[in-house]
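**Q** Just dropping this structure here.
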Amino acid sequence: MTERRLFLKAMAAVGGGLMLQIAIPAARARDASTTSSSVFEPNAVVRITADGKVHMAMPYVEMGQGTYTSIPMLIAEELEVDLKDVALEHAGADDKRYMNPALGFQVTGGSTTMRAAWMPMRQAGAAARLLLIQAAAQQWQVDPATCRAEHGTVIHAPSGRKLGYGALADAAATLPLPDVKTIVLKQPKDFRLIGKVTRRLDTPDKLNGSAEYGIDVQLPGMKVAALAISPVFGGRLAGLDEAAALKVPGVHQVVRLDDGAAVIADNYGAAHKALLLLDLRWDDGPNAKLSSADIVADMVRAADAGSAQVRSDGNPEQAFAGAARVIDATYELPFLAHAPMEPMNCTVHVTPDSCEVWTGTQVITRARAVAAKVTGLPLEKVSVHNFLLGGGFGRRLEIDGVERAVRIAREVPHPVKVIWSREDDIQHDMYRPYFYDQMRAGLDAQGDVVAWSHHTTGSSVLGRFLPPAFNNGWDPETVDGAEKPPYDFKAIQVNYTRHEPPHIPTAFWRGVGPSHNVFVVESFIDELAASAKADPLAYRLALLKQNPRAEQVLKLAAQKAGWKGSHAGKTGRGLSVQFAFGTYMAMVVDAHIQDGEVRVSRVVCALDCGVVVNPDTVKAQVEGAVIFGISGALYGDVTFKDGRVEQTNFHDYRVLRMHETPVIDTYIVSSNEAPGGMGEPGTSALMPALANAVYAATGTRVRKLPIAKALAAATT
0 MTERRLFLKA MAAVGGGLML QIAIPAARAR DASTTSSSVF EPNAVVRITA
50 DGKVHMAMPY VEMGQGTYTS IPMLIAEELE VDLKDVALEH AGADDKRYMN
100 PALGFQVTGG STTMRAAWMP MRQAGAAARL LLIQAAAQQW QVDPATCRAE
150 HGTVIHAPSG RKLGYGALAD AAATLPLPDV KTIVLKQPKD FRLIGKVTRR
200 LDTPDKLNGS AEYGIDVQLP GMKVAALAIS PVFGGRLAGL DEAAALKVPG
250 VHQVVRLDDG AAVIADNYGA AHKALLLLDL RWDDGPNAKL SSADIVADMV
300 RAADAGSAQV RSDGNPEQAF AGAARVIDAT YELPFLAHAP MEPMNCTVHV
350 TPDSCEVWTG TQVITRARAV AAKVTGLPLE KVSVHNFLLG GGFGRRLEID
400 GVERAVRIAR EVPHPVKVIW SREDDIQHDM YRPYFYDQMR AGLDAQGDVV
450 AWSHHTTGSS VLGRFLPPAF NNGWDPETVD GAEKPPYDFK AIQVNYTRHE
500 PPHIPTAFWR GVGPSHNVFV VESFIDELAA SAKADPLAYR LALLKQNPRA
550 EQVLKLAAQK AGWKGSHAGK TGRGLSVQFA FGTYMAMVVD AHIQDGEVRV
600 SRVVCALDCG VVVNPDTVKA QVEGAVIFGI SGALYGDVTF KDGRVEQTNF
650 HDYRVLRMHE TPVIDTYIVS SNEAPGGMGE PGTSALMPAL ANAVYAATGT
700 RVRKLPIAKA LAAATT
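Take the sequence shown: its position 193, counted from the start at 1, is 192 in numbering that gives the first Met the number 0, and no numbers get skipped.
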């Protein structure tokens with residue numbers, strides 16, 4: 000992580016106590032219209048009140064990744080307080096105060112949270128501790144060097160006198176801040192919390208049901224809306240008959256939108272029942288006959304028409320010309336839906352001079368901005384209340400659900416909760432893009448790689464989400480995992496062709512670039528090993544001698560799995576290794592065919608994510624990502640027929656069931672390197688390792704996901 004200077008501001012909190020604002024510089028991915036990087040903006044607020052409690056406005060959101068425990072651990076570690084004494088609250092919408100320094104605005108995503116928070120939060124905790132020690136020393140008229148902080152108190156060692164933080168907070172707020180350069184952070188050997196297994200702070204409320212998600216919002220006078228959206232992307236509402244719907248008890252009104260309609264009722268049951276009676280008529284528009292085959296054919300034409308050069312090193316053309324043989328392969332990865340357990344929802348109350356929004360979002364300031372745009376209100380008249388997220392995976396980085404809810408709420412005189420059905424959620428998602436990859440490798444007489452070419456074609460999500468990041472025909476996110484594979488290729492070229500499918504919205508999906516590129520790279524490497532009749536592990540290790548951290552995790556995973564080759568009886572074994580989101584990770588997957596279906600029996604993961612804050616959270620992230628990745632690799636497939644998404648619910652957009660979950664063993668390499676991301680790497684590492692295991696078990700090479708469909712096609 001790039002080192003950044005940190006600025007602090009201390010002030011008196013409202014009602015007394017110490018308030019500390021953390022300020023860090025603009026990030027590398029700032030919008031081009033933003034002021035120069037010499038402008039520094041606050042990104043978090045910590046308050047210490049008279050009762051000694053530490054109150055923290057969380058600049059990131061909690062969606063199962065453990066953020067609401069790991070970040071307070073950073074503050075508590077350096078501030079010398081117990082974790083139980085840190086009280087959390089959802090931060091409001093404020094890019095300046097709560098900016099994610101890795102991405103340049105208030106956002107939780109890209110596996111950046113711990114990487115962005117690691118230094119600023121620790122330095123803030125340390126600065127507050129120094130202020131409190133100084134305040135106590137002044138009161139006692141002693142040298143601050145003779146005082147220490149411990150469990151929320153300042154202790155004067157020679158006399159044994161003690162003062163709690165609450166008693167010192169007001170005085171500390173009046174003192175000048177120490178120069179950040181002089182703040183000495185703890186050494187790892189002195190950590191009380193960081194690196195230790197720690198119970199998550201959000202678990203009790205989730206167990207007893209008191210945790211609040213966006214879908215739980217209840218307001219006085221609130222109504223509920225059920226939604227119908229054009230079944231074809233780009234289609235419009237042509238007409239409806241609301242007479243029968245309005246006769247349903249509890250129904251109040253029908254709201255028409257350009258591309259859909261909503262029924263407003265006292266409860267969701269009444270609203271949904273009435274929705275089915277609307278006699279909706281649609282104008283399907285230009286995509287009425289669109290099919291998946293049409294989209295792929297269009298991508299192939301786009302790929303053949305040209306591409307942008309991402310990388311070219313070592314004279315690839317000459318290396319290919321001198322190769323003993325050349326191997327070509329084409330890979331295809333499907334559209335994928337997010338399918339979070341909590342479907343999309345948003346509650347809105349619009350009045351003539353205000354708009355209030357209640358939802359769970361990864362981009363709260365963007366949600367606020369779109370509400371202001373739809374209502375025409377100034378930004379200061381719009382407020383957004385954020386909640387826990389029942390699954391994000393990139394879906395709640397988007398604001399389409401908020402925009403639609405505000406459009407509906409403009410027509411309703413009450414607060415209205417808009418709830419998407421599971422079918423709405425899957426058939427009107429913003430999908431992980433379809434990708435079409437052309438691979439080529441030149442091999443010498445021994446089967447070693449002398450030239451490598453990777454040409455990927457697909458949508459640029461970052462090009463839409465953050466347009467300034469798309470330069471020279473490509474963006475770094477879409478080619479992540481392809482531009483810089485972990486292997487030492489002497490000659491390499493990487494090209495990209497941008498192809499946007501007609502009216503089909505694409506979005507981040509638990510690591511768009513790596514989730515697709517790592518699959519292609521690791522699958523093709525396995526093909527090359529097979530063509531050379533080499534052990535897949537040995538073949539990879541020979542290419543990793545210049546990448547010791549990647550080499551280490553691959554060796555560790557293989558050792559812990561007991562790797563002796565690609566077969567263990569009737570079980571096929573597959574490997575992968577990657578560097579993604581700042582984390583090195585390797586996996587070994589054991590899979591076999593049972594009752595005609597692929598069963599994953601065991602996954603062994605070894606990783607080096609730098610310094611670890613909470614080992615339990617790291618392991619939980621791996622386990623969740625593995626299950627998510629198995630679901631995507633085996634079954635994930637969004638297809639189009641007559642312009643419509645064919646999948647509707649979990650019966651035909653299948654996810655892994657509890658009884659199908661494999662044993663997952665995770666091994667963490669001890670490291671003092673800066674933290675890497677953990678939310679997404681497990682998914683991208685799992686998918687190729689599973690496909691490679693299927694090849695070992697069946698002899699079928701999967702070049703087009705999902706695996707279940709590929710195997711069915713191979714046996715017919």
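Even glycine gets a Cβ: it sits at the ideal position worked out from N, Cα and C. Being a predicted model, the structure only gives us computed values, none of them experimental.
#1: In angstroms, rounded to a whole number, what distance separates the CA positions of T638 and N266?
#2: Which residue marks the beginning of the alpha helix (DSSP H) containing F319, and which one marks its end?
#3: Taking the C-alpha atoms as reference points, what is the distance between A320 and D312?
#4: Quick one: grab the DSSP three-state call for S683.
#5: What's the C-alpha gap between D215 and I425?
#6: How should D10 be labelled, buried or exposed, when 16 other C-beta atoms within 10 angstroms of its C-beta is the threshold for buried?
#7: Where does K180 sit, in a helix, a strand or coil, going by DSSP?
#8: Mind checking which residues open and close the beta strand (DSSP E) that includes I154?
#9: To the nearest angstrom, how far is it from the Cα of V223 to the Cα of Q138?
#10: Our contact map puts E77 next to K185 with C-beta atoms below 8 Å; I'd like the distance itself, whole angstroms only.
#11: Specify, as a first and last residue, the run of the alpha helix (DSSP H) that D651 falls within.
#12: Could I get the ranges of all uninterrupted alpha helix (DSSP H) runs contained in the segment 352-416, with 4 residues as the minimum, in chain order?
#13: Have a look at S600, E526, Q437 and flag the residue whose alpha-carbon is nearest the alpha-carbon of V625.
#14: Am I right that H413 and D436 are in contact with their C-beta atoms under 8 Å? What's the rounded C-beta distance?
#15: Quick test of the definition: if touching needs 3 or more C-beta pairs under 8 Å, does the segment 665-672 touch the segment 458-468?
#16: Would A585 pass as a contact of V576 if the rule is Cβ separation under 7 Å?
#17: So for W117, helix, strand or coil by DSSP?
#18: Is the CB-CB distance between V415 and A370 below 7 Å?
#19: Going by the DSSP bridge assignment, what does R439 pair with across the sheet?
#20: What first and last residue would you give for the alpha helix (DSSP H) that runs through H730?
#21: In chain order, which beta strand (DSSP E) runs of at least 3 residues are fully inside the segment 182-219?
#22: Would you identify the three-state DSSP class for W473, choosing helix, strand or coil?
#23: What are the residues that DSSP puts in a beta bridge with K272?
#24: Give the straight-line distance between the Cα atoms of A25 and A116, rounded to the nearest whole angstrom.
#25: Should E422 be labelled buried (16 or more other beta-carbon atoms within 10 Å of its own) or exposed?
#26: Taking C-alpha atoms, which residue in E341, A537, S565 lies nearest to A688?
#27: Can you give the Cα-Cα distance for S420 and A225, rounded to whole angstroms?
#28: Closer than 6 Å by C-beta to A605: which residues in its own chain qualify, once you throw out the five before and the five after it? Chain order, please.
#29: Do A690 and V701 have their C-beta atoms within less than 7 Å of each other?
#30: Find the nearest neighbour of T346 within the set E355, Y652, A338, M340, judged by alpha-carbon distance.
#31: Thinking C-alpha only, which one of E476, G151, G457 is nearest I294?
#32: Taking just the CA atoms, how far does H155 sit from R147?
#33: Classify R29: buried if its beta carbon has 16 or more other beta carbons within 10 angstroms, exposed otherwise.
#34: In three-state terms, what does DSSP make of Y495?
#35: From what residue to what residue does the beta strand (DSSP E) around T665 run?
#36: Ordered along the chain, which non-local residues of its own chain (more than five positions away) have a Cβ less than 6 Å from that of S353?
**A** Here's the rundown:
#1: 33 Å
#2: 315-320
#3: 15 Å
#4: Assigned with DSSP and collapsed to three states, S683 falls in helix.
#5: 21 Å
#6: The identity of residue 10 in the sequence shown is Met, whereas the question assumes Asp. Burial call: exposed.
#7: helix
#8: 152-155
#9: Taking the straight line from one Cα to the other gives about 58 Å.
#10: 6 Å
#11: Neither: D651 is in no alpha helix (DSSP H) and is coded neither H nor E.
#12: 363-374, 399-408
#13: S600
#14: Incorrect: roughly 50 Å between the Cβ atoms, too far for contact.
#15: Not touching, per the Cβ criterion.
#16: Yes, these two residues count as a Cβ contact at 7 Å.
#17: helix
#18: Cβ atoms of V415 and A370: not closer than 7 Å.
#19: D327, S452
#20: Nothing in the structure corresponds to residue 730, since the chain is present only between 0 and 715.
#21: none
#22: strand
#23: Bridge partners of K272: none, in fact.
#24: Residue placement at A25 is poorly supported in this model, since its pLDDT is 40, which falls under 50; the coordinates are not used for a value here.
#25: exposed
#26: S565
#27: 8 Å
#28: V552, L555, A556, A585, Y666
#29: yes
#30: Per the Cα distances, E355.
#31: In this structure, G457 is the residue among E476, G151, G457 with its C-alpha nearest to the C-alpha of I294.
#32: 7 Å
#33: Any reading at R29 must be qualified, since the residue scores a pLDDT of 31, below 50, and its modelled position is unreliable; the value itself is stated next. Buried.
#34: strand
#35: 662-667
#36: K380
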